[in-house]
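Student: Take the position in the sequence shown, starting the count at 1, then add 21; the result is the number in our numbering. Cβ coordinates follow ideal geometry from the N, Cα and C atoms, glycine included. One structure, as structure tokens, below. Some questions next.
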Amino acid sequence: MERWSKSIAVVTGASAGIGAVVAKELVNAGLTVVGLARRDHLIRALCEDLPTDFRSKLYSLKCDVTKEDDVKSVFLWIKKNLGGVDILVNCAGVMRIMPMISPGSGEAVRQAVDTNIMGVYYCTREAYQLMKEKQLSGHIVNLNSVAGHQVPAVSSVAPSVNIYPATKFALNAMTETFRQEFRNDGSRVKITSLSPGPVATDLVGPDFRKIMELQIPMLKPEEISKAILYILGTPADVAVSINQ
22 MERWSKSIAV VTGASAGIGA VVAKELVNAG LTVVGLARRD HLIRALCEDL
72 PTDFRSKLYS LKCDVTKEDD VKSVFLWIKK NLGGVDILVN CAGVMRIMPM
122 ISPGSGEAVR QAVDTNIMGV YYCTREAYQL MKEKQLSGHI VNLNSVAGHQ
172 VPAVSSVAPS VNIYPATKFA LNAMTETFRQ EFRNDGSRVK ITSLSPGPVA
222 TDLVGPDFRK IMELQIPMLK PEEISKAILY ILGTPADVAV SINQ
């Protein structure tokens, strides 16, 4: 991580869960971090867990990644105030526990698609343009899921996670498409998809989390953050496109 010590990183979904842990760990690694979330006050609260000298390195920007204008606005702010971006970690995501066949599932489907697909698209597109302007070897990491490789079985004790797996399957294709487009554009920007198993966060809500914890061991957000820092720490000439 030494080569990133004075770099600018953007972390989406930085108000809680994996995103919050990643934001703090990147600051502790010497980076300046811009955390994006709708609940930006929770990002500001993260400063209390940082060494005093590091607190000025964590910026909090309110952003709904499902809204293209929001995303454009924050990346314009980053360009004007910080000079650009070197790293993007797409952690923002939603999961809704509701069968897709339910008559009232339309809004749940829309929220997942808008956040897990469109949000990643908007942020990756804007970050790449700033990386390209700086002509650097940037790195984009997409937080995926094992559900993006195999749809979880639905049963009486494991309710449907709606369109969540489909959005993560789409993220695999998006990551590979971006990788090819970056290469064809003559860029040295890298992009990686990381697919962990179930993680003990509030993504699924407390009730479903209890069900999951009774069935299988769950990863900790800190373990996923370590994996992300490992990916970012790979040499510039090492390409890690998909990591399970």
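Hey, W25 and L52: beta-carbon distance below 7 Å or not?
Tutor: Here the question's residue 25 lines up with position 4 in the sequence shown. Here the question's residue 52 lines up with position 31 in the sequence shown. Contact flag set, yes.
Student: Take every Cβ of the stretch 119–126, pair it with every Cβ of the stretch 78–92, and state whether three or more of those distances are shorter than 8 Å.
Tutor: no
Student: How should G127 be labelled, buried or exposed, when 16 other C-beta atoms within 10 angstroms of its C-beta is the threshold for buried?
Tutor: Taking the sequence shown and counting its residues from 1, one reaches residue 127 at position 106. The residue is exposed, with fewer than 16 neighbouring Cβ atoms inside 10 Å.
Student: What residue from G34, I161, A221 and L250 has the CA that sits closest to N49's CA?
Tutor: Residue 49 sits at position 28 when you count from the first residue of the sequence shown. It is L250 whose Cα lies nearest to the Cα of N49.
Student: Does the Cβ-Cβ distance between V32 and G40 come in under 7 Å?
Tutor: Residue 32 sits at position 11 when you count from the first residue of the sequence shown. Residue 40 sits at position 19 when you count from the first residue of the sequence shown. In contact: V32 and G40 (Cβ atoms closer than 7 Å).
Student: Would the beta-carbon of I118 fall within 7 Å of that of V55?
Tutor: Here residue 118 corresponds to residue number 97 of the sequence shown, with the count starting at 1. Here residue 55 corresponds to residue number 34 of the sequence shown, with the count starting at 1. Their beta carbons are not under 7 Å apart, which means I118 does not touch V55 by this criterion.
Student: Do P217 and I245 have their beta-carbon atoms positioned less than 7 Å apart in this structure?
Tutor: Numbered from 1 along the sequence shown, position 224 holds the residue referred to as residue 245. Numbered from 1 along the sequence shown, position 196 holds the residue referred to as residue 217. Contact flag set, yes.
Student: Within a Cβ cutoff of 6 Å, which residues of the same chain sit near A44, ignoring the five residues on either side of it in sequence?
Tutor: Taking the first residue of the sequence shown as 1, we reach residue 44 at position 23. Answer for A44: V32, A35, V54 and G56, listed in chain order.
Student: Would you mind listing the alpha helix (DSSP H) stretches within the stretch 99–165 that are 4+ residues and don't spill past its ends, in chain order?
Tutor: For the stretch 99–165, whole alpha helix (DSSP H) runs of length 4 or above, ordered along the chain, are 127–134 and 141–155.
Student: Which residue marks the beginning of the beta strand (DSSP E) containing V54, and which one marks its end?
Tutor: In the sequence shown, residue 54 corresponds to position 33, counting from 1. That run of the beta strand (DSSP E) goes T53 to A58.
Student: Would G169 pass as a contact of L192 if the rule is Cβ separation under 7 Å?
Tutor: Numbered from its first residue, the sequence shown carries residue 169 at position 148. Numbered from its first residue, the sequence shown carries residue 192 at position 171. If you check the CB distance, G169 and L192 come in under 7 Å.
Student: To the nearest whole angstrom, what separates the beta carbons of V115 and A133, a pair I think is in contact under 8 Å?
Tutor: Walking along the sequence shown from the start, residue 115 turns up at place 94. Walking along the sequence shown from the start, residue 133 turns up at place 112. About 5 Å separates the two Cβ atoms, so the contact holds.
Student: Could you tell me whether the Cβ atoms of E147 and V92 are closer together than 7 Å?
Tutor: In the sequence shown, the residue the question calls residue 147 occupies position 126. In the sequence shown, the residue the question calls residue 92 occupies position 71. For E147 and V92, yes; Cβs fall inside 7 Å.
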